[in-house]
Amino acid sequence: MRAVLKRLREMGLPADDVLEMSWNTARGRAQGITEDAELEDWREAEAQKLVEAIARAKLGARLTKNPDITAIALAKLNDGLPQALMAQWTEPAEATYDPDDKTPDEDF
């Protein structure tokens, strides 16, 4: 973290801008990634590396079998990790969910 903060300061970014950045954005900016598309590509590549490491370690099934145990294990790795993950997964709803809505989903 200190190295990233130091690098951002060296790059001349205003302190207020740095304080408003997420950790992933700050790391990306420190590595020279400036565009949102570049940052998203970098995130996807890093996520894929993690998926491959989990698969090599044959942990995929164990992580998904008992999410409650996985949450405890992640908290033991880092107290704030489960909360940080929940914050990443929580996105504002685009529309209110209506279980009686019969409108078909849009195709991608």
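Count along the sequence shown starting at 1, add 945, and that's the number in this note's numbering. Yeah, the Cβ is synthetic: ideal placement off N, Cα and C, and Gly gets one too.
Beta strand (DSSP E) runs wholly inside the region 968 to 1044, at least 3 long, in chain order: Complete beta strand (DSSP E) runs here, min 3: none at all.
Status (buried if at least 16 other CB within 10 Å, exposed otherwise) for alanine 1056: Past the edges of the chain, shown from 946 to 1053, lies residue 1056, and the structure says nothing about it.
Residues near alanine 971 in its chain [Cβ-Cβ closer than 8 Å; skip 5 each side]: Here the set comprises Val949, Leu950, Leu953 and Val963.
Delimiting residues of the alpha helix (DSSP H) encompassing aspartate 1046: Run containing aspartate 1046: none; DSSP gives neither H nor E here.
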